[in-house]
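Chemist: The UniProt record's numbering puts the first residue of the sequence shown at 1, with every later residue one more than the last.
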Amino acid sequence: MIGEHVIVGYTGEPGGREALALGAAITSVTGGELTVATIYPPGSPGLAVEAQANLAHAAEELGDAPAEYLAYESRGSGRGLAVLASRIRADLVVVGSAAGGQHGRIAIGTTADHLLHLSPEAVMVAPAQYVPAGKLARLTLAYVHRPQCDAAVGRVAQAALRLGVPLRLITFDLRTEDQSRLRDDLALAVRLAWEGTGIEAEAEVAEGHDVAAAMAGVEWLPGELLVCAASEDAQPHRVFLGELAMKMLRASPCPVTVLPRGFS
1 MIGEHVIVGY
11 TGEPGGREAL
21 ALGAAITSVT
31 GGELTVATIY
41 PPGSPGLAVE
51 AQANLAHAAE
61 ELGDAPAEYL
71 AYESRGSGRG
81 LAVLASRIRA
91 DLVVVGSAAG
101 GQHGRIAIGT
111 TADHLLHLSP
121 EAVMVAPAQY
131 VPAGKLARLT
141 LAYVHRPQCD
151 AAVGRVAQAA
161 LRLGVPLRLI
171 TFDLRTEDQS
181 RLRDDLALAV
191 RLAWEGTGIE
201 AEAEVAEGHD
211 VAAAMAGVEW
221 LPGELLVCAA
231 SEDAQPHRVF
241 LGELAMKMLR
251 ASPCPVTVLP
261 RGFS
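1) Does cysteine 228 come out as helix, strand or coil in the three-state DSSP assignment?
2) Tell whether a beta-carbon distance below 9 angstroms holds between leucine 167 and leucine 141.
3) How big is the Cα-Cα spacing for proline 147 and leucine 161?
4) Nearest CA to the CA of alanine 53: which residue from Glu13, Gly76 and Arg79?
5) Would you say the beta carbon of glycine 242 is closer than 8 angstroms to some non-hydrogen atom of the ligand FAD?
6) Is the separation between the beta-carbon of proline 255 and that of valine 239 shorter than 9 angstroms?
7) List in chain order: all unbroken alpha helix (DSSP H) runs of 4+ residues lying wholly within the stretch 63-141.
8) Looking at isoleucine 199: is its Cβ nearer than 9 angstroms to the Cβ of alanine 206?
9) With DSSP run on the structure shown, which of helix, strand or coil describes isoleucine 170?
10) Note down, in chain order, each residue of its chain lying with its Cβ closer than 8 angstroms to the Cβ of leucine 241, except the 5 sequence neighbours on either side.
11) What distance in whole Å lies between the Cβ atoms of alanine 85 and valine 93, which are believed to be in contact at a cut-off of 8 angstroms?
12) In this structure, does DSSP put threonine 11 in helix, strand or coil?
13) For isoleucine 39, which three-state DSSP category applies?
14) When the Cα atoms are used, what is the spatial distance from phenylalanine 172 to glycine 196?
15) Let's test the definition: count the other Cβ atoms within 10 Å of the Cβ of aspartate 184 and tell me whether it reaches 16, buried, or not, exposed.
16) Here's the rule: buried if 16 or more other CB atoms are within 10 angstroms of the residue's CB, otherwise exposed. What is arginine 89?
17) Is the beta carbon of threonine 27 closer than 9 angstroms to that of alanine 58?
18) Using the Cβ count rule (16 or more neighbours within 10 Å means buried), how would you classify serine 119?
19) Just tell me which of Arg181, Met124 and His114 has its CA closest to the CA of histidine 145.
20) Which one or two residues does DSSP pair with glutamate 33 in a beta bridge?
21) Looking at the secondary structure, which residues open and close the beta strand (DSSP E) in which glutamate 204 lies?
22) Sorted by chain position, which residues of the same chain lie with C-beta nearer than 7 angstroms to proline 132's C-beta, five sequence neighbours on each side aside?
23) Starting from valine 256 and walking both ways along the beta strand (DSSP E), at which residues does that stretch end?
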């Protein structure tokens with residue numbers, strides 16, 4: 001289950017602080033380790049000092065919450081976080097939205113974009129101005145009938161069972177598909193969750209003329225997390241977000257986690 005060791009990409013910007021709050025909330029639920037990292041470019045002594053100052057601010061924000069703080073040199077923040085996550089054996093990288101994003105929605109900056117297309121570990125992105133709820137309320141898996149999603153059903157069902165929260169499987173009817181086939185596919189996913197864990201997953205078809213409208217037409221609970229599987233185009237053991245999933249991420253009012261291909 002993801003969340004055994006979480007690494008947060010921290011900056012002094014609002015997105016960094018929101019990622020820090022989300023990462024701390026995740027580890028408080030899973031009981032996992034928390035590492036807070038600031039990435040700075042090589043050959044920049046002033047920025048190296050600034051990175052250490054940022055980490056000191058992060059420590060102040062977390063207070064007594066246990067965490068490790070690392071400043072890491074890399075030519076790119078996304079690349080640096082991915083490399084560092086592998087080195088410290090983190091299983092989840094948490095980042096915030098880019099500056100200037102719509103309140104309550106995810107804006108993809110260069111760091112998140114790199115991670116969402118190359119990270120070897122699961123990636124979680126917080127919406128702009130996100131404030132964690134008191135507890136985790138539900139896991140929702142975006143489902144399309146394909147191997148990566150079928151595998152994710154079992155993994156996310158196991159996580160829901162361990163965390164003691166409901167599981168919802170949601171698929172999208174954008175008025176271009178046979179709805180009866182979509183519902184049959186969703187019923188198959190519900191059966192997969194039951195056979196693997198005994199969880200009776202909720203199932204829902206989100207309807208709309210586009211992804212944003214479909215996302216807006218379903219309920220999202222405070223404390224909900226949305227999970228997406230990697231695209232079939234992803235390299236083994238890498239995250240790669242497909243076109244539909246990217247649209248879902250941008251329209252999501254809650255944090256989104258993307259699993260790498262072959263996640264186990």
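All residues carry an ideal CB built from backbone N, CA and C; glycine is no exception.
Computed from a predicted model, the values in this text were never measured in an experiment.
Modeler: According to the data block:
1) The residue labelled residue 228 in the question sits at position 228 within the sequence shown. Strand at cysteine 228.
2) Residue 167 sits at position 167 when you count from the first residue of the sequence shown. Residue 141 sits at position 141 when you count from the first residue of the sequence shown. Yes, they are a contact pair.
3) Within the sequence shown, numbered from 1, the residue matching residue 147 stands at position 147. Within the sequence shown, numbered from 1, the residue matching residue 161 stands at position 161. Their backbone Cα atoms lie some 22 angstroms apart in a straight line.
4) Along the sequence shown, one-based indexing puts residue 53 at 53. Considering only alpha carbons, the answer is Glu13.
5) In the structure on display, the ligand FAD does not appear, and there are no ligands present to speak of.
6) Your numbering for residue 255 matches position 255 in the sequence shown. Your numbering for residue 239 matches position 239 in the sequence shown. No; because the gap between Cβ atoms is not below 9 angstroms, this pair is not in contact.
7) 77-87 and 110-118
8) As a working mapping, residue 199 is identified with position 199 in the sequence shown. As a working mapping, residue 206 is identified with position 206 in the sequence shown. No, the pair does not count as a contact, with Cβ atoms beyond the cut-off.
9) By 1-based counting over the sequence shown, the position of residue 170 is 170. If DSSP states are grouped into helix, strand and coil, isoleucine 170 belongs with the strands.
10) For this step, residue 241 is matched to residue 241 along the sequence shown. Excluding residues within five positions, the ones whose Cβ falls inside 8 angstroms are Leu116, His117, Cys228, Ala230, Ser231, Leu249 and Val258.
11) Along the sequence shown, read from residue 1 onward, the residue named residue 93 stands at position 93. Along the sequence shown, read from residue 1 onward, the residue named residue 85 stands at position 85. 5 angstroms between Cβ atoms; contact.
12) As a first step, residue 11 must be located in the sequence shown, where it is residue number 11. Three-state DSSP puts threonine 11 in coil, outside helix and strand.
13) Residue 39 sits at position 39 when you count from the first residue of the sequence shown. Correct three-state label for isoleucine 39: strand.
14) Translated into positions along the sequence shown, residue 172 becomes position 172. Translated into positions along the sequence shown, residue 196 becomes position 196. For phenylalanine 172 and glycine 196, the distance between alpha carbons rounds to 24 angstroms.
15) As a working note, residue 184 is residue 184 in the sequence shown. By the neighbour-count rule (16 or more Cβ atoms within 10 Å), aspartate 184 is not buried but exposed.
16) Within the sequence shown, residue 89 is the residue found at index 89, counting from 1. Counting Cβ neighbours within 10 Å, arginine 89 comes out exposed, since fewer than 16 surround it.
17) Counted from its first residue, the sequence shown places residue 58 at position 58. Counted from its first residue, the sequence shown places residue 27 at position 27. Taking 9 angstroms as the Cβ cut-off, alanine 58 and threonine 27 do not qualify as a contacting pair.
18) Against the sequence shown, residue 119 aligns to sequence position 119. With 16 or more Cβ atoms within 10 Å of its Cβ, serine 119 is classed as buried.
19) For the purposes of this step, residue 145 is taken as residue 145 along the sequence shown, with counting starting at 1. Nearest C-alpha to histidine 145: Arg181.
20) One-based indexing of the sequence shown puts residue 33 at position 33. Looking at the DSSP assignment, glutamate 33 forms a beta bridge with His5.
21) Stepping through the sequence shown from its first residue, residue 204 is reached at position 204. Run containing glutamate 204: 202-207, per the beta strand (DSSP E) assignment.
22) Your numbering for residue 132 matches position 132 in the sequence shown. The answer, listed in chain order, is Ala21, Leu22 and Ala25.
23) Numbered from its first residue, the sequence shown carries residue 256 at position 256. Run containing valine 256: 256-258, per the beta strand (DSSP E) assignment.
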